[in-house]
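For reference, the structure is listed below as C-alpha cells.
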Amino acid sequence: MTIKNILLILILVCFMNLIVFILNNSKNQIKFHKFRVNKLRLDDKKPGQLGAPVFLINDDEKNLSDLMIKEYSYNTVVSDKISLDRSLPDTRPKECLEKKYSSNLPAVSVIIVFHDEYLSFLLRTIHSVINRTPVELLKEVILVDDCSTKGNTDKENLDWHILTTFPYKNIRILRLQERHGLMKARMVGVLNSTSDIVVVMDAHMEVNTNWLPPLIEPIIEDFATITEPVIDYIDWNTLEYRSVKKGTRGGFNWQLCFLNYERKIKPGELQSDDYPTPVILGAIAAFNKEYFWKLGGYDPGLKIWGGEQYELSFKAWMCGGKVIRIPCSRVGHNYKGSGFHPYVSNNSFVQPNMKRIVEVWFDEFKYVYYTKSNAKDIDAGYLLPQIELRQKLGCKSFKWYLDTVFPEFLTRFPIDFTQYEFYGSIQSMAFPEYCIDDLGALKNKPIGLYQCHFQDSQFFFQTNKSEIRLWRDSMCLDTNILEPMNNTYIIRLFSCHHRGGNQYFAYDSVNFIQSNESNEIEFEEKIDWVNHTFIEIEKARIGLGELGTPVLLDTDEEKNLSLLMIKEYSYNTVVSDKISLDRSLRDTRAKECHDKKYSSKLPAVSVIIVFHDEYLSFLLRTLHSVINRTPVELLKEVILVDDCSKKGNTDKDNLDWHILTTFPYKNIRILRLQERHGLMKARMVGVLNSTSDIVVVMDAHIEVNTNWLPPLIEPIIDDPSTINEPVVDFIEWDTLELTSATPARGGFNWGLIYQEYTRKMKPGELESDNFPTPVILGAIAAFNKEYFWKLGGYDPGLKIWGGEQYDLSFKAWMCGGKVLRVPCSRVGHNFKGSGFHPYTSNSSFNEPNMKRIVDVWFDNFKDVYYSKSNAKDIDAGYLIPQIELRQKLGCKGFKWYLDNIFPDFFQRYPTDMTGFKYFGPIQSMANKNYCIDTLSANNNEPIGLYTCHFGETQFFLQTDENAIRTKADEYCFDVVSNPSEDTKKLISIYYCHHSGGNQFYKYDEMTQQIKNPSYGCIQSNFTEPAAPEMFLAACDDTLIEQKWMWNSKRIMNMLENELNE
1 MTIKNILLIL ILVCFMNLIV FILNNSKNQI KFHKFRVNKL RLDDKKPGQL GAPVFLINDD
61 EKNLSDLMIK EYSYNTVVSD KISLDRSLPD TRPKECLEKK YSSNLPAVSV IIVFHDEYLS
121 FLLRTIHSVI NRTPVELLKE VILVDDCSTK GNTDKENLDW HILTTFPYKN IRILRLQERH
181 GLMKARMVGV LNSTSDIVVV MDAHMEVNTN WLPPLIEPII EDFATITEPV IDYIDWNTLE
241 YRSVKKGTRG GFNWQLCFLN YERKIKPGEL QSDDYPTPVI LGAIAAFNKE YFWKLGGYDP
301 GLKIWGGEQY ELSFKAWMCG GKVIRIPCSR VGHNYKGSGF HPYVSNNSFV QPNMKRIVEV
361 WFDEFKYVYY TKSNAKDIDA GYLLPQIELR QKLGCKSFKW YLDTVFPEFL TRFPIDFTQY
421 EFYGSIQSMA FPEYCIDDLG ALKNKPIGLY QCHFQDSQFF FQTNKSEIRL WRDSMCLDTN
481 ILEPMNNTYI IRLFSCHHRG GNQYFAYDSV NFIQSNESNE IEFEEKIDWV NHTFIEIEKA
541 RIGLGELGTP VLLDTDEEKN LSLLMIKEYS YNTVVSDKIS LDRSLRDTRA KECHDKKYSS
601 KLPAVSVIIV FHDEYLSFLL RTLHSVINRT PVELLKEVIL VDDCSKKGNT DKDNLDWHIL
661 TTFPYKNIRI LRLQERHGLM KARMVGVLNS TSDIVVVMDA HIEVNTNWLP PLIEPIIDDP
721 STINEPVVDF IEWDTLELTS ATPARGGFNW GLIYQEYTRK MKPGELESDN FPTPVILGAI
781 AAFNKEYFWK LGGYDPGLKI WGGEQYDLSF KAWMCGGKVL RVPCSRVGHN FKGSGFHPYT
841 SNSSFNEPNM KRIVDVWFDN FKDVYYSKSN AKDIDAGYLI PQIELRQKLG CKGFKWYLDN
901 IFPDFFQRYP TDMTGFKYFG PIQSMANKNY CIDTLSANNN EPIGLYTCHF GETQFFLQTD
961 ENAIRTKADE YCFDVVSNPS EDTKKLISIY YCHHSGGNQF YKYDEMTQQI KNPSYGCIQS
1021 NFTEPAAPEM FLAACDDTLI EQKWMWNSKR IMNMLENELN E
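Here my numbering is used: position 42 in the sequence shown is 42, and no number is missing along the way.
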C-alpha cells in the first residue's frame, strides 16, 4: 500500500470521527446508562449478585463473623465472600430508565473519607464508583484516610490494590497524620479536588446504575443547589441490597434526631421528579465547590461526627440556596449494626455539635431544644465566626425555614397545643391517681400506668391522623400484635408512621380527658411508688438470667474464654454478655414491704456511679437497672465518673454511644478523670458535680431491685443527718445468680475486716422496719449532700480504695448522726471472685488507709488493732485536719461507740477473756504433750495436732454461738469442704459465719468431748507418733482419743507449771 493511500485512509477516518462528534453534540441530551456492567457481573459466580443476601452456613465462619461484627459493626466475613464488582438491582422508578441528561455535564471529583474502615467495604465503594460512573464524568477519586489504625487500609493493601486494579484511573489517597473527624477530613478532600463539582460520600456505599448524571445536572442549572440521591439500604449482616420503595424527605425532631418524612407528590408530578428535602441524610451529597466555600464549608467547630447534615442544609435553605433529593439517582448505604462505629455518636462531641447548630440557626426556638436535651450548660465552643457568617450571607430566620421549607414540622412536633382537641395527661377513671406514662420506655417497649405527675412522660396529644403521640418524642401509641398476653394486647411506643393500623386510636369524647391546666389532684401524704405494670412485664420476661437465675456455659470454647476473662476482670464477662442488660430480678424484699407507702413529696436524687476498668456489660446493667426501676420523677440525673479507665470497653466509642442511642432523653452525664483519683475522691467529684440535695453513690457492678429508692431516701427527709444503705443481696461472680441476703448489721473485727452481725429484733418490730447498723458495707449509700460535706466528705487522705465505709460510719455515729439499713430497699452486688480488682485491697494503700481511721477514731483501743496487724510503723499521712475535724464536730469517743452502737462487738472480739467459759489451749487427753494447733493454716485448710507451746496458734475461744474461734483473727472450726463417706472428715478453719452448721462445735465438760451435731466428735490418733492425726468420728465417750482438756485459766496454769518443771 502506497503512502498516498495510507494518507487517504487516515483522512477518511478523521472525517468520519468528526461527523460522529458533530452528530453527538448536536443533541442537547443523551443517555449515560451502562447497562452492560450488570450483565457482565451476572457471570460472576460469587454470592451476593443483584444485591442478594448472603447467609453463612459454616459454624467457623459464623463465629468469626460475630467477632468481626463486634469489631466493625458489619459482617466482614460476608463482605469478603462477595465480589467487589457485584451487580445490583436497578431500584429507580421506571420513568428514570428513559431519562436523558445534558451532554455537557462536567467531570466531578468524588471524595471518600474513611477511618478504620474494613478493606473490602471500602474497595467495593470504590469499585462501584469506577464501574457505574461514565468515564467522561469522573475526573478523580480522592480517598482521605482520617488517621486509620486498623481495617487493612494501609499502603500494603489499599494502595497496592488500586495500583494493580486501576493503574490508569486518577485515584489519590491523602493520609492524615492525626484524627480530623469526618467534616474536616471531607474539607481536606474538597481543598485538594480539581473539579468544579464535588461529591462527598461515606466509605461503605455502593452506587447504582446511572447514579451521577441526574445528581449533578441540577447543580449545572443552579449552582446554589445541594443534591443527594435516594439512599437504599444495605443490610449490615447479609449485605442484602434493599430498595427504598417510596421517596421520602429528610427531617428531624426537636432533639435533632434524623427522621424521614413522607414525600407529598403534587398533581402532575412523577415519582422520578426531583423534589426538595428539608435536610440531607449526610451519607452522600453533591455540590458546587465554589458555592460550598461561599457557605463557609462545614462549620470548622464541629468535631469528629454529627450535625454536619443539618448545618449544611440550614445554610443552603436559609441563605438563598436549596437542597434537592434525586429519585433517579440511587445508592446503597450500609447502616452499621451494633459494635464499633468509626464516627460514633458520643456526648463529648455530638451534643456540643448540636448545640452549635441550635445556637447559630434556631433563633427563638432554641429554648424548645433545651427543654428536650441536657445541652444548655454544655460548652459549644467559639460561635462568633458562624454568627457573623450568617449575618454576612443575609440568611433568613428559622421560623421562615419552618413555615416555608418544613411546614409540617410544627404539626408533627407542636409547641402550641390549642389547635388540638385533646392533649395533656390521660387519667384513669377507675384509678384516678394513675395516668398513662411512657415509663421511660424505649422504642417498641411497653408503656403503662404511673402515679399522675403531669410531666413530659405523661403528656400526649391526639393528632389529626387519629394517633396518640407522646409530646417529647416522635413516638405514638401502638399495639404489639405479635405478643398477645392473656387475650389482650400490649400497648407500646413506636415511631409514628402516620398510616393508621396499629397506631389508630380514636378517643371517644363521651368520656372526658383532662388537660394539665384543668386537672388538679390532691396527693395523699403517702403513696405507693411501685410500678406494678412494669413488675408484671418483668415477670413475663423469658431468657438467660431472667429473675436472677444462674447461667451456666455449655461449650468448651465459652468456658475457656470465660476463664481468661475471669483472670482479667474477676467475674464472668462471657455470662454477662449473654444476659440482657434489662434482665428481670425476683423481688427479695420482706412481704410487708409490698404494701408500704412513702411520701408523695420525695425529692429527685443524683445517682453517682464510679468505675475504673469496669467491663462494659456489667456497668451498663447497673445503669439500666437504675433507669428501669427508679420512678422517673425521683431520678434527676445519673453521673458516671470514669476514674481514668484503661480497659473494659467503657470508652467513648462504646459507653457514650450506648447511652446516647439507648437513653437519649435521660440526664446521664459522664465525667472522665484524666488521672487516677481512687474510689473516694472520684465519688466526691461526682457529689461536687451533682445538682440534687440527696445523693446515692454506688459501685459499678450493682443491680437495683423493685422500689429500691423511695424507702432508701425517705428517712433522710425525716432526718438529714442520716446515712442509709439498702440490704445488699449477692450476685454470684461466675453465674450471675442473684441470692437473697438475710438482713443483718454491718460490723468488723479488730483487724477492720468487714463482717455481718445478726440483727436483733425488738419486741413488736417487723422485718420491714429500718434498723441501725454500726457500719455500712460501702458498695452503696444515700445521704444528704449538705450533711456529707459537713462531715468533711470522705477523708481525702484515703487512697484508691479501702476504709471509706468505716470513715463515713464512724463520723456519722460518733458526731451526732446515724446510719440505717433499709430492708425494703434491696440491691444486688457482684462480689468479685479471684482475679483483677480495679479497687483491690493492697497493703500499699489499704493498710495506710486503715491506720488513718484507727489513729483518728480508735482512741485508746488503737493498740489492740496494732497487736493484730503490721501497721504500727506504716506512714498514714498527715492526720491533723481529720483530728481537728473530729474536735470541731464535737464527736464522742470510740468506747461510747462500742458501748452504745456496737455493744456485741466485745462479745465476739473480747480484750478481756474472763467473760468466756472456755478459752486457751485445747490439750489431748490421749497424749498431753499435744494440743490442737492451727498449723498456720489458711482459710478452708485443715488444722491438726502439735506439741503444746501455748502460743496464739493454740489459743481458742468457745463463743456464745457454740463456735470455736481462734484468738488472733476471725477464723472458726469448720469441716473440710465436701468430705466423702469413705474418708476421714478433717477439721478446718474458715471465716466465722455465725450461722452454726459446720461451725457448730460445743465442748462438753462432763465427757470432755468436742461435739459437732452433724459429723460427731473430734478424735485424735497417735498410731504414728511422728504424724498424729485429728478428725471427726462417731461420738463414743469411752474413747480416750475423743477427750480434751479445755478449762480456761485452770488448764493454762497447769500447763505452764508442767512446762516450768
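Every residue gets a Cβ at the ideal spot worked out from N, C-alpha and C, and that includes glycine.
Asked                                                                                                       : Found
L553 and V575 closer than 8 angstroms at C-beta                                                             : yes
Stretch pair the stretch 71 to 81 + the stretch 165 to 174: three plus CB contacts closer than 8 angstroms  : no
Test item: CB-CB of L712 and N724 under 8 angstroms                                                         : yes
For Y72, the nearest candidate out of S148, Y615, S580 and T209 (CA to CA)                                  : S148
Test item: CB-CB of V551 and T739 under 8 angstroms                                                         : no
Continuous alpha helix (DSSP H) assignments of at least 4 residues falling wholly in the stretch 624 to 681 : 657 to 662
Euclidean distance between Cα positions of K790 and D718                                                    : 18 angstroms
Exposure of T125, with buried meaning 16 or more beta-carbon neighbours within 10 Å                         : buried
Same chain, Cβ closer than 8 angstroms to D232, neighbours up to 5 away in sequence not counted             : T91, N208, Y241, R242, S243, V244, R330, V331, G332 and H333
Segment limits, beta strand (DSSP E) that includes R175                                                     : I171 to R175
Through-space distance from L655 to N347, alpha-carbon basis                                                : Model confidence at N347 stands at a pLDDT of 48, short of 50, so the residue's coordinates are unreliable; what they give is reported in the following sentence. One C-alpha to the other measures close to 10 angstroms.
Where K322 sits in the DSSP three-state scheme                                                              : strand
Best match in L449, G1016, I415 and S924 for proximity to K1002 [C-alpha to C-alpha]                        : G1016
Distance CB(I280)-CB(V198) smaller than 8 angstroms                                                         : no
Proximity below 8 angstroms, CB of Q882 to CB of V856                                                       : yes
D377 versus Q351 - alpha carbon distance                                                                    : 11 angstroms
Contact check, K818 vs G678, beta carbons under 8 angstroms                                                 : no
Span of the alpha helix (DSSP H), counted from its first residue to its last, around G189                   : L182 to N192
Bounding residues of the beta strand (DSSP E) (the contiguous stretch that carries M698)                    : I694 to M698
Environment of Q1009 [buried if 16+ CB atoms lie within 10 Å]                                               : buried
Same chain only: Cβ atoms within 6 angstroms of A375, ignoring 5 sequence neighbours per side               : Q351 and K355
Y450 vs L439 beta-carbon contact at 8 angstroms                                                             : yes
Per-residue burial, P229 [other beta carbons within 10 Å of its own, 16 or more giving buried]              : buried
Exposure of F35, with buried meaning 16 or more beta-carbon neighbours within 10 Å                          : For F35, the predicted model reports a pLDDT of 42, less than 50, meaning its position is unreliable; a value from the coordinates is still stated below. Under this definition F35 is an exposed residue.
Under 8 angstroms between C-beta atoms of H701 and H829                                                     : yes
Counted within 10 angstroms of its Cβ, other Cβ atoms place L42 as buried (16 or more) or exposed           : Unreliable positioning characterises L42 in this predicted model, as indicated by a pLDDT of 49, which lies under 50. The coordinate reading is nonetheless provided below. L42 is exposed by the Cβ-count criterion.
Beta bridge counterpart(s) of R249 as assigned by DSSP                                                      : Y261
7 angstroms Cβ shell around I491 - same chain, five flanking residues per side excluded                     : P446, I447, L477 and T479
Proximity of Y794 and D807 at Cβ, strictly below 8 angstroms                                                : yes
N- and C-terminal bounds of the beta strand (DSSP E) containing P921                                        : P921 -> no beta strand (DSSP E), and no H or E assigned at all.
Cβ-Cβ separation, Y918 to Q958 (assumed contact under 8 angstroms), whole Å                                 : 4 angstroms
C-alpha distance - Q999 paired with S936, whole-angstrom precision                                          : 19 angstroms
Straight-line Cα distance separating Y382 from F1063                                                        : Nothing in the structure corresponds to residue 1063, since the chain is present only between 1 and 1061.
Complete runs of the alpha helix (DSSP H) confined to the stretch 535 to 616 [at least 4 residues]          : 556 to 569 and 573 to 578
Exposure of L40, with buried meaning 16 or more beta-carbon neighbours within 10 Å                          : Note that L40 scores a pLDDT of 46, beneath 50, so its modelled location is shaky and nothing firm can be said.
H498, DSSP secondary structure in three states                                                              : coil
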